[in-house]
Structure formats: C-alpha cells, structure tokens
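One structure is given below, encoded as structure tokens.
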Amino acid sequence: MITLPAGARILLASQPVDFRKGAHSLAALAAEVLSEDPFSGVVLVFRSKRADRVKIVVWDGSGLVLIWKQLEANTFRWPPVVDGALRLTQVEFAALFAGIDWTRVQSTKRISTPSVPA
Numbered sequence: 013m014i015t016l017p018a019g020a021r022i023l024l025a026s027q028p029v030d031f032r033k034g035a036h037s038l039a040a041l042a043a044e045v046l047s048e049d050p051f052s053g054v055v056l057v058f059r060s061k062r063a064d065r066v067k068i069v070v071w072d073g074s075g076l077v078l079i080w081k082q083l084e085a086n087t088f089r090w091p092p093v094v095d096g097a098l099r100l101t102q103v104e105f106a107a108l109f110a111g112i113d114w115t116r117v118q119s120t121k122r123i124s125t126p127s128v129p130a
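Note that the working numbering has the sequence shown beginning at 13, numbered continuously upward.
Structure follows, in structure tokens:
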C-alpha cells in the first residue's frame with residue numbers, strides 16, 4: 013500500500029491511456045486534457061484499456077513519482093468512460109488500489125460530538 017499526503021486531491025482520469033506513456037507524458041496529458049497542474053501535489057490516477065493496470069503520478073516536491081500496478085486476476089472498478097476526471101477520497105482510492113469495488117465503500121453514519129456534562 014502507498015501512503016498519500018493528508019488532504020491530497022486524488023483525480024481519476026476516466027479515459028483509458030496509452031500505457032507506454034511515462035511520468036512526464038502523463039503529467040503533460042493531465043495538464044492538457046484535465047486542465048490540472050501535475051506539479052501541484054494532485055494525485056493523478058490513469059488506467060489501461062483493459063482496466064487491469066493503473067498508473068499513478070504525483071509530484072512529491074522533489075520529482076515526479078510514477079507508481080504502476082497490475083491486478084493479476086481481476087480488473088479495477090472504473091466509472092463509465094466519459095471525458096474529464098472524477099475526484100476520489102483517500103478511502104475510495106485505497107479500495108481502488110487494492111482491487112476492491114470502491115463505489116461500494118461508504119463511511120459509517122456520522123455521529124455528533126458528545127458534550128461534557130457540566
């Protein structure tokens with residue numbers, strides 16, 4: 013599992029990309045197609061045509077980081093192919109990266125903060 017900076021924006025590119033592209037080509041694609049600054053710390057997630065592989069690109073302050081993962085027996089759950097990107101929470105991203113259907117991940121019911129008796 014990878015650890016992301018707290019509060020990092022995570023964007024899922026909905027269109028499949030050519031998986032021969034490296035970190036700089038994917039960063040350029042993010043700037044051109046998604047109108048996102050790849051050097052702002054945003055986490056960019058791209059998928060292959062078969063949806064069995066993902067590439068993740070993020071700027072960590074000293075360079076572009078490229079993470080590549082392939083599922084051996086399944087495909088990643090992906091939204092319908094449309095233009096643009098979808099924002100994910102860190103929990104949804106963790107589920108996606110683990111090969112879990114992230115669309116079914118739900119947080120528990122929010123409880124109000126208890127008050128201290130006087």
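We treat Cβ as the ideally placed atom computed from N, Cα and C, and that holds for glycine.
All of these numbers come straight from a predicted model, not from anything done at the bench.
| Check | Outcome |
| --- | --- |
| Coarse secondary structure for PHE88, derived from DSSP in three states | coil |
| TRP90 versus GLY73 - alpha carbon distance | 29 Å |
| Burial state of TRP80 (16 or more Cβ within 10 Å) | exposed |
| Segments of 3+ residues assigned as beta strand (DSSP E) that fall wholly inside the stretch 29-91 | 55-59, 65-71 and 76-82 |
| When LYS33, ILE112 and VAL103 are compared against GLY19, the one with the closest alpha-carbon | VAL103 |
| Integer Cβ distance of VAL45 from VAL55, believed to fall under 8 Å | Actually they are not in contact, since the Cβ atoms of VAL45 and VAL55 sit about 16 Å apart, beyond 8 Å. |
| Through-space distance from PRO50 to ALA39, alpha-carbon basis | 5 Å |
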